[in-house]
Amino acid sequence: MKYAYFPGCSIHASAKEYAMSANAVNKHLDVEFVEIPDWNCCGAIDAVYAYNPLLSVSLSARNLALAENMKMDIVTLCSACFFTLSRASNFMKENADLKDKVDKAINDAGLKYQGGVKVRHYMDILANDVGFDKIRQQVKVPLKGLKIAPYYGCLIVRPTGIQKFDDPEHPVSMDKVIEALGAKAVNYPDKTSCCGASLVITDEEVMMEMTKQPLVSAKNAQADCIVTPCPMCHFNLDAKQKDVASHFDIDLGIPVLYITQLIGLAFGIPPKELGLHRNIVSPDRLLEKLKETSQNSKPIHKTAN
Amino acid sequence: MKHNSFHVITDQMTDPSFIEEIKKMPGGSKILDCIQCGVCAGSCHARFAMDYSPMQVLKMAHLGLKQQVLSSSTIWICASCYTCASRCPRGLNIPAMMSGFKNMAMKEHVPAPIKLKPKFHKTFTEIVEKYGRMHEPELQMRLLKKTNLSSLLENASLGMRMLRKGKLKLQPSKLDPKTHFSEIVKKALSEEASK
């Protein structure tokens with residue numbers, strides 16, 4: 001299964017381990033990413049969009065046009081890029097005046113967008129194209145005994161006017177992946193709350209209050225780690241976790257993995273290839289627990305055979 | 001119930017053309033469909049930091065209170081999480097309207113109660129115009145100039161954390177000049193300005 005891959009800006013910088021782990025996992029699932037040549041910023045949810053909406057939609061349209069030339073669906077790992085590209089595609093459908101202006105802008109770069117590209121998030125690919133059974137079949141180290149808190153965040157499940165692959169109020173796609181890997185998906189409040197997004201730069205106090213909620217809820221639910229499908233959520237929950245803990249004087253220390261890193265562990269891919277050494281909150285305790293449980297489960301396998 | 005403030009709305013405060021401007025924004029066509037049910041206000045994850053709830057901002061928009069809307073903290077605090085939009089029983093795209101209000105506020109030089117916000121949007125856009133992609137360290141450096149020493153130190157500690165883990169990309173990416181990305185930017189800027 002081939003897709004026009006839109007990495008997005010974070011993937012090349014703070015979220016490199018997301019791409020590393022996705023690429024490693026893809027090999028086991030017959031998924032192939034063909035990177036869109038010379039892709040540009042998705043158009044940004046609000047930063048570019050509020051400053052110049054036409055520029056933001058034109059940025060999205062350029063990526064969509066480049067993917068259209070490749071005759072494949074776009075796939076992106078980033079929830080924000082997924083949402084921005086989908087929103088632009090929808091705005092161009094419902095607003096002829098905007099579409100006309102965007103056409104003029106991208107025509108100057110020799111591009112034309114006919115409107116035929118499907119924008120998809122990687123979780124959609126896992127849930128609907130790969131399927132949970134295929135994921136289950138690839139598991140070499142079942143994550144038995146691990147309690148995982150899926151953090152969906154906002155933009156992966158919000159309606160874009162185009163299509164949705166999961167329920168915005170009660171999403172299940174990551175829960176099902178977690179269960180397929182042999183772990184337990186814990187139910188907890190705040191799994192679709194907002195991490196605070198770019199408020200991390202512009203109004204940190206507000207962001208801290210927002211980021212605290214899912215971290216505390218997941219901790220209270222006794223999760224061994226949180227998993228997320230979004231680089232922005234990952235940044236706030238992982239890189240900023242130390243600041244949140246000291247700001248509110250609370251004990252956190254909960255590892256935050258990309259969903260692809262968790263899948264990779266269950267597939268028996270070495271942690272280094274999954275970029276786990278790059279996560280800021282150390283996942284060591286999680287890895288030790290996994291080692292213990294997999295050692296304990298080995299004799300059972302032998303008797304069963 | 002005690003109200004903290006009581007506003008008398010006068011003709012001087014209202015701008016009847018405001019609602020027409022909103023209808024033209026992407027996502028703004030349904031502004032008058034709002035039934036003031038309060039689902040957006042109850043759903044908003046950032047409501048605690050706003051002066052008016054999203055529902056109140058929509059009512060203010062209905063009344064033509066343009067200056068009050070554009071100077072509210074609400075439009076800048078909105079994190080664009082789209083929870084309100086996914087729950088709105090009338091299908092209003094509230095966050096897209098919040099972005100549209102920010103756009104108006106920046107164009108009309110209405111001071112923002114969150115000082116860094118307009119600068120964030122402007123700087124972010126300029127970096128994307130320059131490279132075609134975001135370059136996070138440059139964004140941080142350019143925004144830091146305007147803030148205080150303690151936030152500088154805190155950011156330095158985060159920066160070190162990121163650097164140690166190889167999460168800082170020091171060189172910006174650049175697009176292939178043969179693909180004429182800058183033409184798109186030029187055209188979009190001139191179209192937007194001519195509106």
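Note that the protein sequences, when read in sequence, are chains A and R.
The numbering of the first sequence is the numbering used here, which starts it at 1 and goes up by one.
The numbering of the second sequence is the numbering used here, which starts it at 1 and goes up by one.
Where a beta carbon is used, it is the ideal one built from N, C-alpha and C, also for glycine.
Since this is a predicted model, take the numbers as computed values, not measurements.
Give me the chain R residues within the contact set of residue i, using Cβ-Cβ distance strictly less than 7 Å, ordered along the chain.
i      : result
A:C9   : R133 and M134
A:S193 : H45
A:C41  : V128, G132, R133 and M134
A:I201 : F120 and L143
A:G110 : H180
A:G196 : A79
A:D46  : S80 and S99
A:I280 : R161 and K165
Looking only at DSSP bridge pairs, what is residue i linked to?
i      : result
A:I74  : A:A4 and A:V119
A:A185 : A:I148
A:I125 : A:I125 pairs with nothing; no bridge assigned.
A:Y258 : A:T228
A:F235 : Its beta-bridge partners do not exist; DSSP assigns none.
A:F33  : A:Y3
Which residues in the same chain as residue i place their Cβ atom closer than 7 Å to its Cβ, once the five residues preceding and following it in sequence are excluded?
i      : result
A:C78  : G8, S10, I11, C230 and P231
A:D30  : M1
A:Y113 : A61, L64, A65, E68 and I106
A:G182 : V139, P142, L143, K144 and A266
R:E138 : I127 and P172
A:D224 : L146, K147, I148, L286 and K289
Where does residue i fall in DSSP's three states?
i      : result
A:T293 : helix
A:F267 : coil
R:V57  : helix
R:K2   : Residue placement at R:K2 is flagged as unreliable, the pLDDT there being 45, under the threshold of 50; a coordinate-derived value is accordingly withheld.
A:L55  : helix
R:C84  : helix
R:E126 : helix
A:N190 : The residue you asked about is not Asn; residue 190 of chain A is Asp in the sequence shown. A:D190: coil per DSSP, three-state reduction.
R:Y52  : coil
R:C40  : helix
R:I19  : helix
R:T179 : helix
R:S204 : Limits of chain R in this structure are 1 at one end and 195 at the other, which puts residue 204 of chain R out of reach.
A:F165 : coil
A:N26  : helix
A:L66  : helix
A:C154 : coil
A:L215 : helix
A:V281 : coil
A:D108 : coil
A:D249 : coil
A:S14  : coil
R:S71  : coil
R:I114 : coil
Excluding the 5 residues flanking residue i on each side, which residues of the same chain have their C-beta closer than 6 Å to its C-beta?
i      : result
R:R142 : T123
A:V206 : L199
A:Y188 : A149, S217, A218 and A221
A:K16  : none
R:Y52  : S72 and T74
A:H28  : Q138 and F267
A:P283 : P255 and L276
A:V244 : M208, T211 and K212
A:L262 : V227
R:E106 : In the sequence under discussion, the amino acid at residue 106 of chain R is Met, which differs from the Glu named in the question. Counting only Cβ-Cβ distances below 6 Å, and skipping sequence neighbours, we find P118.
Who are the neighbours of residue i on chain R, taking C-beta pairs under 8 Å?
i      : result
A:R62  : F181 and I184
A:E209 : F48 and A49
Going by beta carbon distance, what residues of the same chain come within less than 8 Å of residue i, once the five residues before and after it are set aside?
i      : result
R:R87  : V39, C40 and S43
R:P111 : S71
A:N305 : With a pLDDT of 39 at A:N305, under the threshold of 50, the predicted position of this residue should be treated as unreliable, though the coordinate-derived value follows. Taken in chain order, the list of residues that qualify is empty.
R:S173 : Y131, G132, R133 and H135
A:A109 : R62
A:I300 : Unreliable placement is indicated for A:I300, whose pLDDT of 44 sits below 50; no coordinate value is reported for it.
A:D129 : M1 and V31
Whole-angstrom Cβ separation of residue i and residue j, contact assumed at under 8 Å?
i      : j      : result
A:I36  : R:I184 : The pair is not a contact, with the Cβ atoms about 15 Å apart (cut-off 8 Å).
A:L265 : A:V141 : 7 Å
A:Y18  : A:T260 : 6 Å
A:S314 : A:P214 : Chain A is shown from 1 up to 305; residue 314 of chain A falls before or after that span and cannot be answered.
R:P97  : R:G28  : A small correction: the amino acid at residue 97 of chain R is Met; Pro does not occupy that position in the sequence shown. Indeed, because the Cβ distance is near 5 Å, the residues count as touching under 8 Å.
A:V75  : A:I125 : 6 Å
R:Y82  : A:C154 : 6 Å
Any heavy atom of the ligand SAH closer than 6 Å to the beta-carbon of residue i?
i     : result
R:M13 : The model depicted lacks the ligand SAH and carries no ligand whatsoever.
Quick one: which chain A residues come within Cβ less than 9 Å of residue i?
i      : result
R:A156 : None at all; the shortest Cβ gap to chain A is about 12 Å.
R:D176 : P37 and D38
List, in chain order, every chain A residue whose beta-carbon is nearer than 7 Å to that of residue i.
i      : result
R:E138 : None at all; the shortest Cβ gap to chain A is about 11 Å.
R:Y82  : C154, L155 and R158
R:M162 : S14 and A239
Along chain R, in chain order, which residues have C-beta atoms closer than 9 Å to that of residue i?
i     : result
A:A96 : In chain order: nothing, as chain R lies at least about 12 Å away.
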